[in-house]
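The structure appears right after this line, and notes come after that.
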Amino acid sequence: MIKGINRQVIEVLDTGNIYYERALLVVRPEFAAAQREVLEKEARHMLGKMRAPSAIKKKKAFLYWFVRLGLAACAGAGAMLLLSFYSVI
-4 MIKGINRQVI EVLDTGNIYY ERALLVVRPE FAAAQREVLE KEARHMLGKM RAPSAIKKKK
56 AFLYWFVRLG LAACAGAGAM LLLSFYSVI
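Structural data, given as structure tokens:
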């Protein structure tokens, strides 16, 4: 048995992703009467949130944590050096 389904679909051709050439989004029936511009804006917003982080963002995050932990290690070593210099330990 084949059941007929009448759905509104939005096809986004420019996904902004190198891996995917297009995206198909099915609109819920209660929002089928919404304005086209609103639906397209929400579709692009949703696709924007789904993007994987780029290599540049990953590299920046790695550099940020590397510098942060490095500075913390230097601060700890400096504190220990000062404490040992003044024979507090």
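Heads up, the sequence shown is in the numbering used here, so the first residue is -4 and it goes up one at a time. Yeah, the Cβ is synthetic: ideal placement off N, Cα and C, and Gly gets one too. What you are looking at is a predicted structure, and each value in this text was computed from that prediction instead of being measured.
Supposed contact pair residue j and residue i - C-beta distance, whole angstroms, cut 8 Å
i: Val7; j: Ala56; result: 28 Å between Cβ atoms; not a contact.
i: Val21; j: Leu34; result: Val21 to Leu34, Cβ: 11 Å. No contact.
Reference residue i; option with closest CA among the options
i: Ser49; options: Ile5, Arg31, Asn1, Asn12; result: Asn12
i: Arg17; options: Trp60, Arg63, Leu42; result: Leu42
i: Pro24; options: Arg31, Arg2, Gln30, Met45; result: Arg2
i: Ala28; options: Gly71, Ala68, Val4, Gly65; result: Val4
i: Tyr14; options: Gly71, Ala72, Met45, Leu77; result: Met45
Quick check for students: name the residue ranges of the beta strand (DSSP E) that lie wholly in the region -4 to 41, counting only runs of 3 or more. Within the region -4 to 41, the complete beta strand (DSSP E) runs of at least 3 residues are 3 to 7, 18 to 22.
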